[in-house]
Amino acid sequence: MKMEAVMEMNATYLVGYQYVKEICSNQVLKILTGIDEKRFTCDVCKEEFVEKSHLNKHFLSHTKRRLYSCHICCKEFSHKRNLISHCRTHTNEKPYSCDVCLKQFSEKANLKIHSRTHTNEKPYSCGICSKEFSHKSHLNRHCRTHTNEKPYFCDVCHKQFSQNGNLKIHYRTHTNEKPYSCDICCNNFSNKRHLNSHYRIHTSEKSYSCDVCHKQFSRKDHLKDHYRTHTNEKPYSCDVCHKQFSEKGNLKIHYRTHTKEKPYSCDVCHKQFSEKRNLKIHYRTHTNEKPYSCDVCHKQFSRKDSLKVHYRNHTNEKPYFCDVCHKQFSLKSTLNRHHRTHIEVP
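Per full-length UniProt numbering, the very first residue in the sequence shown carries number 1; after that it's consecutive.
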């Protein structure tokens, strides 16, 4: 009853000795429970444990003793439970099932974490900005946005990352590994997130909508980039000429005007390009592909901007006008040519 009173006083719904231990000092804990907690300390890293058996298991992580070995891939583990969990990667066994959506998991801990998507439980809170998380690892990852800590680095180019997963994805730029494949068009991707975004090309799904102009996007980062057209925010700046950009990708492309880098090469004529889209457009000169068609006269074009210019023949749109005589033109190049008629030749 004393323990229950303490829990009620501390306005928490957590039960059990473990949580009483977290909110009480050792002296108070001894009075309430009669337990004089002894701590067993690791000589290597000074981490403390309530039970000696836990200390012994932990100590194996320092000695790197591997007692349990997978009979399929020979990977070794210091704990039997880790071996059992690992073996399910070979058998694809998923013995733990969510009783709400019936999704299955190979590990009980992953089921527990998943369950929070239904309960919206977020037990882990950032001590700096108070943002809440359902998973402790997500909190740890978030905390690095405050500290700017990047503990993971590439052993090839030494680029640093705050997340191990991002390092793993980055490493594929060196190995050219693309383990995720589209089952519709067989296009391969190094990142599962990119595959999921690519899928929306086939489904025409656009889940993200701009709350200003209501334009829809298939990717959240594309919506974020688009939103800057309303705010005129340009957070990316060239460290050579200080030109600013709303998108990081555009800064990267612009930077090649300084380095003269042309990483994209045509495999037919070997012409090089600084942008992948320019290579793609150029490639159509070899294939004679014209994917853009006028819906009025059905004339076809290899470039989207060429179709846009052509369409003005039907709409009679003339967006370019001379600031001297106010004559209007459908093409900017025609306006520039016209401008010369006003310039006096000495």
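Glycine residues also receive a C-beta, built at the ideal position from the N, C-alpha and C atoms.
As the structure is a computational prediction, the values presented were derived from the model and not from experiment.
Handout entry: Buried versus exposed, by CB contacts within 10 Å (16 or more), Phe-217
Key = Residue environment for Phe-217: buried (at least 16 other C-beta atoms within 10 angstroms of its C-beta).
Problem - Cβ-based neighbour list, Val-100, same chain, cut-off 6 Å, excluding 5 preceding and 5 following - result: His-118, listed in sequence order.
Exercise for the section: With Cys-143 as the anchor, note down where its alpha helix (DSSP H) starts and where it stops. Expected result: From DSSP, the alpha helix (DSSP H) with Cys-143 extends over 136-147.
Exercise for the section: Return the CA-CA distance between Pro-263 and Asn-250, expressed in angstroms with no decimal places. Expected result: Spanning the alpha carbons of Pro-263 and Asn-250 requires a straight line of approximately 15 Å.
Practice task
Give, in chain order, every unbroken run of the alpha helix (DSSP H) that is at least 4 residues long and sits entirely within the segment 75-160.
Solution key: Along the segment 75-160, the alpha helix (DSSP H) occurs as fully enclosed runs of 4 or more residues at 80-91, 108-119, 136-147, listed in sequence order.
Practice task
May I ask you to report which of helix, strand or coil DSSP gives Ser-207?
Solution key: DSSP places Ser-207 in the coil class of the three-state scheme, outside both helix and strand.
Exercise for the section: Could you name the residues that DSSP lists as bridge partners for Glu-177? Expected result: In the DSSP output, where bridge partners are listed per residue, Glu-177 has none listed.
Problem - the segment 162-169 touching the segment 136-153, judged by at least three CB pairs closer than 8 Å - result: Because the criterion of three Cβ pairs below 8 Å is met, the segment 162-169 and the segment 136-153 touch.
Exercise for the section: Compare the Cα-Cα distances from Cys-241 to each of His-254, Thr-231, Thr-229 and report the closest residue. Expected result: With respect to the C-alpha of Cys-241, the residue from His-254, Thr-231, Thr-229 having the closest C-alpha is His-254.
Practice task
May I ask you to report which of helix, strand or coil DSSP gives His-202?
Solution key: Reduced to three states, the DSSP call for His-202 is helix.
Exercise for the section: With a 10 Å radius around its C-beta and 16 neighbouring C-beta atoms as the bar for buried, classify Leu-29 as buried or exposed. Expected result: Per-residue confidence for Leu-29 stands at a pLDDT of 45, beneath the threshold of 50, marking its modelled position as unreliable; the derived number appears in the next sentence. With 16 or more other Cβ atoms inside 10 Å of its own Cβ, Leu-29 counts as buried.
Problem - 6 Å CB neighbourhood of Thr-12 in its chain, flanking five on each side removed - result: Confidence at Thr-12 is low in this model, with a pLDDT of 37, below 50, so the placement of that residue is unreliable and no value is reported for it.
Exercise for the section: Please state if the CB of Ser-246 and the CB of Arg-228 are separated by a distance shorter than 7 Å. Expected result: Between Arg-228 and Ser-246, the gap from beta carbon to beta carbon is short of 7 Å.
Exercise for the section: Report, in whole angstroms, the separation of the C-beta atoms of residue 363 and Ser-69, which I expect to be a contact under 8 Å. Expected result: The question about residue 363 has no answer here: the residues shown for the chain are numbered 1 through 346.
Practice task
Could you pull the start and end residues of the alpha helix (DSSP H) that His-282 belongs to?
Solution key: Here the alpha helix (DSSP H) through His-282 covers 276-287.
Exercise for the section: Out of Asp-305, Cys-294, Val-296, Thr-259, state which residue places its alpha-carbon closest to the alpha-carbon of Arg-277. Expected result: Selected option, being the one with the closest Cα: Asp-305.
Exercise for the section: Please classify Asn-164: does DSSP put it in a helix, a strand, or coil? Expected result: Annotated three-state conformation of Asn-164 is helix, per DSSP.
Handout entry: Sequence-distant residues of the same chain with beta carbon closer than 6 Å to Ser-274, five excluded per side
Key = Taken in chain order, the residues that qualify are Arg-256, Lys-262.
Exercise for the section: With Arg-219 as the anchor, note down where its alpha helix (DSSP H) starts and where it stops. Expected result: Arg-219 -> no alpha helix (DSSP H), and no H or E assigned at all.
Handout entry: Beta-carbon contacts of Phe-133 that lie in its chain and below 6 Å, excluding the five residues immediately before and after
Key = Within its own chain, the residues whose Cβ lies closer than 6 Å to the Cβ of Phe-133, once the five positions on either side in sequence are excluded, are Lys-122, Tyr-124, Leu-139, listed in chain order.
Handout entry: Alpha carbon of Lys-178 to alpha carbon of Glu-51, nearest angstrom
Key = Their backbone Cα atoms lie some 46 Å apart in a straight line.
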